[in-house]
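**Student:** Before I ask anything, let me first share the structure, which is written out below as structure tokens.
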Amino acid sequence: MAQIDKRIPQVGMRFKDSNEAWMFWVEYGGHIGFDVRKRCTNKSKFDGKVTSCRFVCSNEGLRRKCQTEREPKRFRAETRTDCLVRMVITLDRATENYEITEVVLEHNHYLQLPQTRHLLVSQRKISELQAFEIETADDSGIMPKPAHEFACRKVGGPLNLGYTCRDQKNHLRSKRQRELAFGQAGSMLKYFRDKVAENPSFQYALQLDCEENIANIFWVDAKMLLDYAHFGDVTFDTTFGTNKEYRPFGIFLGLNQFRETTIFGAALMFDETRDSFIWLFESFLAAHNGRQPRTIYTDQDIAMGKAIEHVFTQSYHGLCTFHIMQNAVKHLSSVKDEEEDEVEDEEKETHILTDFGACMYGYEDKAEFEEAFDNMRQKVHKQTWLDSIYKVKEKWAECYMRDVFSLGVRSTQLSESFNNALKNHLKSDFHIVRFLMHFERTMEVKRRKELEPEFEARKKLPRIKMFTPMLVQASKVYTPIIFEAFQGEYERSMAACCRVLDGNNKFGVAIGSLHGDLQFEEERIVIGDPLTQTISCSCGMFNRAGVLCGHGLKVLDLLNIKTMPTHYVLKRLTREARNGSIQDRQGRNVVENPKLEAQLRYQDLSHKFHNLAHKAANYLECCVLLENAHDSVAPQIEDKLNATTSAMNEPCKDKENVEPNVQQTNEFLCSAQLKKKEVQSRNLRRKKGWLEKLLKGKRKSTKTTAPTKKGAKATKEGEASSGSGEG
Numbered sequence: 133m134a135q136i137d138k139r140i141p142q143v144g145m146r147f148k149d150s151n152e153a154w155m156f157w158v159e160y161g162g163h164i165g166f167d168v169r170k171r172c173t174n175k176s177k178f179d180g181k182v183t184s185c186r187f188v189c190s191n192e193g194l195r196r197k198c199q200t201e202r203e204p205k206r207f208r209a210e211t212r213t214d215c216l217v218r219m220v221i222t223l224d225r226a227t228e229n230y231e232i233t234e235v236v237l238e239h240n241h242y243l244q245l246p247q248t249r250h251l252l253v254s255q256r257k258i259s260e261l262q263a264f265e266i267e268t269a270d271d272s273g274i275m276p277k278p279a280h281e282f283a284c285r286k287v288g289g290p291l292n293l294g295y296t297c298r299d300q301k302n303h304l305r306s307k308r309q310r311e312l313a314f315g316q317a318g319s320m321l322k323y324f325r326d327k328v329a330e331n332p333s334f335q336y337a338l339q340l341d342c343e344e345n346i347a348n349i350f351w352v353d354a355k356m357l358l359d360y361a362h363f364g365d366v367t368f369d370t371t372f373g374t375n376k377e378y379r380p381f382g383i384f385l386g387l388n389q390f391r392e393t394t395i396f397g398a399a400l401m402f403d404e405t406r407d408s409f410i411w412l413f414e415s416f417l418a419a420h421n422g423r424q425p426r427t428i429y430t431d432q433d434i435a436m437g438k439a440i441e442h443v444f445t446q447s448y449h450g451l452c453t454f455h456i457m458q459n460a461v462k463h464l465s466s467v468k469d470e471e472e473d474e475v476e477d478e479e480k481e482t483h484i485l486t487d488f489g490a491c492m493y494g495y496e497d498k499a500e501f502e503e504a505f506d507n508m509r510q511k512v513h514k515q516t517w518l519d520s521i522y523k524v525k526e527k528w529a530e531c532y533m534r535d536v537f538s539l540g541v542r543s544t545q546l547s548e549s550f551n552n553a554l555k556n557h558l559k560s561d562f563h564i565v566r567f568l569m570h571f572e573r574t575m576e577v578k579r580r581k582e583l584e585p586e587f588e589a590r591k592k593l594p595r596i597k598m599f600t601p602m603l604v605q606a607s608k609v610y611t612p613i614i615f616e617a618f619q620g621e622y623e624r625s626m627a628a629c630c631r632v633l634d635g636n637n638k639f640g641v642a643i644g645s646l647h648g649d650l651q652f653e654e655e656r657i658v659i660g661d662p663l664t665q666t667i668s669c670s671c672g673m674f675n676r677a678g679v680l681c682g683h684g685l686k687v688l689d690l691l692n693i694k695t696m697p698t699h700y701v702l703k704r705l706t707r708e709a710r711n712g713s714i715q716d717r718q719g720r721n722v723v724e725n726p727k728l729e730a731q732l733r734y735q736d737l738s739h740k741f742h743n744l745a746h747k748a749a750n751y752l753e754c755c756v757l758l759e760n761a762h763d764s765v766a767p768q769i770e771d772k773l774n775a776t777t778s779a780m781n782e783p784c785k786d787k788e789n790v791e792p793n794v795q796q797t798n799e800f801l802c803s804a805q806l807k808k809k810e811v812q813s814r815n816l817r818r819k820k821g822w823l824e825k826l827l828k829g830k831r832k833s834t835k836t837t838a839p840t841k842k843g844a845k846a847t848k849e850g851e852a853s854s855g856s857g858e859g
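First residue of the sequence shown? That's 133 in the numbering used here, and the numbers climb one at a time after it.
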């Protein structure tokens with residue numbers, strides 16, 4: 133009974149401050165079953181302290197009568213009953229405490245049932261933890277209704293949750309409005325700056341056009357920096373539009389040690405001109421410490437090709453074979469010969485496409501390729517596409533790319549499922565910040581899937597078909613998928629025949645059929661050196677894929693080299709590919725998740741306290757003991773947090789107060805590079821970019837805070853050439 137009396141207000145009760153008294157009144161209203169509000173608050177004119185407050189029932193007073201003679205179109209039910217329930221507190225100057233001086237507790241209306249008290253406005257509040265869970269569910273693509281239902285089940289029902297589904301929707305709506313508090317450009321800059329605050333290794337670059345409109349955006353996070361440092365030797369640049377009219381979106385892709393797609397960087401492009409691609413590639417290299425890939429594959433974009441020649445001077449530029457074949461089907465399938473009938477035309481079309489595929493993959497000798505291509509060219513008339521593709525044959529024909537390191541992949545279509553998932557998440561009606569957040573969500577899903585082969589590789593041992601020293605060594609060093617490829621070549625070496633050519637170090641190796649047929653592949657020339665334990669095969673497989681071929685393995689066995697030399701084990705294909713520290717361009721060690729330790733501590737603590745609360749909930753004495761311990765520890769934790777927060781905010785006291793929108797705009801301009809103005813015809817208007825169209829109509833309201841052209845000129849002459857994310 134005494135415990136219930138503590139919840140009922142009585143004259144003479146004291147509180148440390150007015151807020152504590154208000155929270156007491158809110159809890160009392162929830163306990164009894166009525167809503168509450170503040171009727172009035174009086175403050176001292178001398179020191180501004182609250183001297184008295186009156187807290188009342190929400191049914192206090194009467195609604196004002198409508199002053200007009202016309203009846204309202206929609207009738208609103210009456211909620212005021214002139215209820216006199218109230219609690220008045222007054223400041224005691226002697227003790228600086230607040231004392232209850234008047235209490236009225238008799239209501240003149242119905243009170244809520246225990247089953248409906250959680251619907252009272254004063255009892256509905258979303259805590260910081262609940263807000264985090266709501267926003268996390270929204271970022272994960274979970275709709276508000278199932279997310280709310282899950283939250284209710286987790287706490288034992290809606291009575292214990294503290295908010296309704298409508299409150300959840302309102303919270304998400306307010307969050308999206310806050311995201312655009314400074315407009316599209318300012319909100320985007322805030323997003324990037326928040327990412328830098330979370331992880332200093334996050335980097336971004338912005339480019340403005342001559343009218344100070346956003347032109348191009350490029351960004352990389354810490355995981356992208358790490359992946360490129362380990363696997364950036366082969367890079368695929370693919371660009372697609374997120375909708376029909378706006379937002380050309382580009383990503384840099386690669387393959388990790390499990391041959392899974394990994395991302396090295398992302399960009400939103402204003403246009404797809406040579407200058408824009410040059411800026412993009414230079415920003416990409418700047419973020420990755422200037423390291424150029426050995427090979428880069430793109431589609432047949434002329435502007436992109438010119439930019440690659442200008443920036444990636446140390447890289448081999450190859451064309452995506454998938455796009456080339458798509459263009460071949462488009463151009464060659466329309467070839468007709470008037471002298472042949474329709475059936476013969478269809479056979480001819482198929483024959484031409486087959487010939488073109490053979491020119492792309494089937495010829496290892498350049499002379500044979502030239503002859504075959506010339507024969508194919510003579511079968512068609514006025515085919516300009518064949519002439520244009522022939523001029524860049526070094527970028528797609530097998531005979532010209534035998535020594536190009538490609539990991540056995542020559543198409544930018546690395547992961548069609550990933551591209552489809554990305555397009556599904558990046559909807560055209562998203563504003564820029566939501567676009568970035570959903571891309572981040574897609575990346576998180578993809579990176580979780582990347583951990584699955586890592587888990588399987590550590591859980592399962594690869595199947596070794598022959599227990600030889602070299603295969604046992606390879607099974608321990610290589611990842612499972614690479615080991616399977618190596619073991620396949622080792623099996624082929626067992627079916628190989630070898631003969632000595634011109635001395636002891638030159639061999640002719642021909643691999644026979646593994647099915648018992650007396651058939652042999654084309655003979656390859658292998659040069660081996662037993663002193664340096666090196667080999668060189670004319671097939672060039674190691675140069676292309678990084679794995680020794682069956683011809684080379686046969687010669688190593690003849691030279692009595694029973695284990696694989698270390699210089700033939702590429703680290704990027706091994707289980708230890710990710711070992712080693714990587715530094716960003718500021719010299720800091722790149723850490724993928726700086727909050728990992730805090731997250732692990734949270735998991736440990738939440739698990740312990742969840743189990744403790746589960747055990748104590750069944751016994752009242754245990755609950756009281758746990759609540760007392762919580763009430764004792766909570767103030768100590770708050771004091772620690774307040775001391776830490778005040779120490780972190782101390783240097784910010786001297787910072788000049790600037791209007792937020794102006795400050796965001798100035799910082800945005802300082803972190804961006806101006807795009808050169810393009811020469812255009814006088815009679816043609818410049819085509820507006822996707823973000824300009826989104827911002828149209830908002831410039832008039834921000835005209836007074838926008839930088840002047842003089843300031844833009846100063847920015848162009850003196851500001852940084854790239855807006856990195858540091859600081």
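Glycine residues also receive a C-beta, built at the ideal position from the N, C-alpha and C atoms. Predicted model, so just to flag it, every value in this text is computed and none were measured.
#1: Report buried or exposed for residue 141, applying the criterion of at least 16 other Cβ atoms within 10 angstroms of its Cβ.
#2: Any idea if residue 769 is buried or exposed, counting beta-carbon neighbours within 10 angstroms, 16 or more meaning buried?
#3: Suppose you measure from the CA of residue 188 to the CA of residue 210; what does that come to, to the nearest Å?
#4: Any contact of the stretch 497 to 515 with the stretch 407 to 427, i.e. 3+ C-beta pairs under 8 Å?
#5: Please state whether DSSP places residue 329 in a helix, a strand or coil.
#6: Please return the same chain residues whose Cβ sits closer than 6 Å to the Cβ of residue 220, not counting the five positions on each side in sequence.
#7: I'd like to know if residue 247 contacts chain C, where contact means its C-beta is closer than 7 Å to some C-beta of that chain.
#8: Figure out for me which residue from 212, 731, 138 and 262 has the closest Cα to the Cα of residue 242.
#9: What are the boundary residues of the beta strand (DSSP E) that residue 348 is part of?
#10: Please specify which runs of the alpha helix (DSSP H), each continuous and at least 4 residues long, are wholly inside the stretch 687 to 742, giving them in chain order.
#11: Given that a residue counts as buried once 16 or more other Cβ atoms are within 10 Å of its Cβ, and exposed if not, what is residue 335?
#12: Between the C-alpha atoms of residue 323 and residue 351, what's the straight-line distance to the nearest angstrom?
#13: What residue from 158, 706 and 761 has the CA that sits closest to residue 606's CA?
#14: Look up residue 146 in the DSSP assignment and say whether it is helix, strand or coil.
#15: Should residue 175 be labelled buried (16 or more other beta-carbon atoms within 10 Å of its own) or exposed?
#16: Tell me which residues share the same chain as residue 280 and place their Cβ nearer than 7 Å to its Cβ, disregarding the 5 neighbours each side in the sequence.
#17: Which stretch, first to last residue, makes up the alpha helix (DSSP H) that contains residue 417?
#18: Which residue spans inside the stretch 148 to 236 form an unbroken beta strand (DSSP E) run of at least 3?
#19: Can you give me the start and stop residues for the alpha helix (DSSP H) that residue 284 sits inside?
#20: Locate the alpha helix (DSSP H) running through residue 271, then write down its first and last residues.
#21: Can you tell which of 669, 619, 236 and 285 has the C-alpha that lies nearest to the C-alpha of residue 604?
#22: Measure the alpha-carbon distance for residue 165 versus residue 574 and round it to whole angstroms.
#23: What is the DSSP secondary structure of residue 668, reduced to helix, strand or coil?
#24: Near residue 491, what residues of its chain come up, given a Cβ to Cβ distance below 8 Å and the 5 sequence neighbours on each side ignored?
#25: Along the chain, where does the beta strand (DSSP E) containing residue 638 start, and where does it finish?
#26: Rounded to whole angstroms, what's the CA-CA distance from residue 413 to residue 497? Just pull it up for me.
#27: Which residue from 589, 539 and 718 puts its Cα closest to that of residue 428?
#28: To which residues does DSSP link residue 336 through a beta bridge?
#29: Excluding the five sequence neighbours on either side, which residues of its own chain have a C-beta within less than 6 Å of the C-beta of residue 452, listed in chain order?
#30: May I ask you to report which of helix, strand or coil DSSP gives residue 380?
#31: Taking contact to mean 3 or more Cβ pairs, one atom from each stretch, closer than 8 Å, check whether the stretch 698 to 718 and the stretch 640 to 659 are in contact.
#32: Return the CA-CA distance between residue 488 and residue 536, expressed in angstroms with no decimal places.
#33: Taking the runs of the beta strand (DSSP E) that are 3 residues or longer, which of them lie wholly in the stretch 605 to 636?
#34: Under 7 Å between the Cβ atoms of residue 168 and residue 158?
#35: Quick one: any contact between the stretch 394 to 404 and the stretch 350 to 368, if contact means 3 or more CB pairs under 8 Å?
#36: Per the DSSP calculation, residue 368 is bridged to which residue(s)?
**Tutor:** Reading off the structure:
#1: In the sequence shown, the residue the question calls residue 141 occupies position 9. The residue in question, residue 141, is buried, as its Cβ has 16 or more Cβ neighbours within 10 Å.
#2: Mapped onto the sequence shown, residue 769 falls at position 637. That one is exposed.
#3: Indexing the sequence shown from 1 puts residue 188 at position 56. Indexing the sequence shown from 1 puts residue 210 at position 78. The straight-line gap from Cα to Cα measures roughly 18 Å.
#4: no
#5: Within the sequence shown, residue 329 is the residue found at index 197, counting from 1. Correct three-state label for residue 329: helix.
#6: As a first step, residue 220 must be located in the sequence shown, where it is residue number 88. Only 186, 233 and 234 meet the Cβ criterion.
#7: You won't find chain C in this structure, because it holds only one protein chain.
#8: Stepping through the sequence shown from its first residue, residue 242 is reached at position 110. Among 212, 731, 138 and 262, the Cα nearest to that of residue 242 belongs to 212.
#9: As a position in the sequence shown, residue 348 is number 216, starting the count at 1. Start and end: 346 to 352.
#10: none
#11: Sequence index remark: in the sequence shown, residue 335 carries index 203 (1-based). By the 10 Å Cβ count, residue 335 comes out buried.
#12: Here residue 323 refers to the residue found at position 191 when the sequence shown is read from its first residue. Here residue 351 refers to the residue found at position 219 when the sequence shown is read from its first residue. Rounded to whole angstroms, the gap between the alpha carbons of residue 323 and residue 351 is 12 Å.
#13: As a working note, residue 606 is residue 474 in the sequence shown. Cα-wise, what sits closest to residue 606 is 706.
#14: The residue labelled residue 146 in the question sits at position 14 within the sequence shown. Three-state result, residue 146: strand.
#15: Taking the first residue of the sequence shown as position 1, residue 175 is located at position 43. Residue 175 is exposed by the Cβ-count criterion.
#16: To locate residue 280, count along the sequence shown from 1; it is residue 148. Excluding residues within five positions, the ones whose Cβ falls inside 7 Å are 297 and 300.
#17: Counting from 1 along the sequence shown, the entry for residue 417 is found at position 285. Element bounds for residue 417: 406 to 419.
#18: The stretch 148 to 236 contains these whole beta strand (DSSP E) runs: 168 to 175, 182 to 189, 218 to 224 and 229 to 236.
#19: Position 152 of the sequence shown holds residue 284. Run containing residue 284: 276 to 287, per the alpha helix (DSSP H) assignment.
#20: Sequence index remark: in the sequence shown, residue 271 carries index 139 (1-based). Counting along the chain, the alpha helix (DSSP H) containing residue 271 begins and ends at 260 to 271.
#21: For this step, residue 604 is matched to residue 472 along the sequence shown. Comparing Cα-Cα distances from residue 604 to each of 669, 619, 236 and 285, the minimum goes to 619.
#22: Taking the sequence shown and counting its residues from 1, the one referred to as residue 165 is at position 33. Taking the sequence shown and counting its residues from 1, the one referred to as residue 574 is at position 442. Cα to Cα, the separation comes out at about 45 Å.
#23: What you label residue 668 is simply residue 536 of the sequence shown in a count that begins at 1. Note: residue 668 maps to strand in three-state DSSP.
#24: Counting from 1 along the sequence shown, the entry for residue 491 is found at position 359. Here the set comprises 501, 504, 505, 508 and 529.
#25: By one-based count along the sequence shown, residue 638 stands at place 506. Residue 638 -> beta strand (DSSP E) spans 638 to 643.
#26: Residue numbering aside, residue 413 sits at position 281 when the sequence shown is read from its first letter. Residue numbering aside, residue 497 sits at position 365 when the sequence shown is read from its first letter. Rounded to whole angstroms, residue 413 to residue 497 spans 34 Å at the Cα level.
#27: Here residue 428 refers to the residue found at position 296 of the sequence shown. The option with the nearest alpha carbon to residue 428 is 539.
#28: Numbered from its first residue, the sequence shown carries residue 336 at position 204. Bridge partners of residue 336: 351.
#29: For the purposes of this step, residue 452 is identified with residue 320 of the sequence shown, where counting begins at 1. If you ignore the 5 residues before and after residue 452, its C-beta comes within less than 6 Å of the C-beta of 429, 431, 543 and 544, all in its own chain and listed in chain order.
#30: As a first step, residue 380 is located in the sequence shown; it is residue number 248 there, counting from the start. In this structure, residue 380 counts as strand in the three-state DSSP scheme.
#31: no
#32: On the sequence shown, position 356 is the one that residue 488 refers to. On the sequence shown, position 404 is the one that residue 536 refers to. C-alpha separation (whole angstroms): 21 Å.
#33: 628 to 632
#34: As a first step, residue 168 is located in the sequence shown; it is residue number 36 there, counting from the start. As a first step, residue 158 is located in the sequence shown; it is residue number 26 there, counting from the start. Result yes, Cβ atoms of residue 168 and residue 158 sit closer than 7 Å.
#35: yes
#36: The residue given as residue 368 occupies position 236 in the sequence shown. For residue 368, which the question treats as bridged, DSSP gives the partners 385 and 429.
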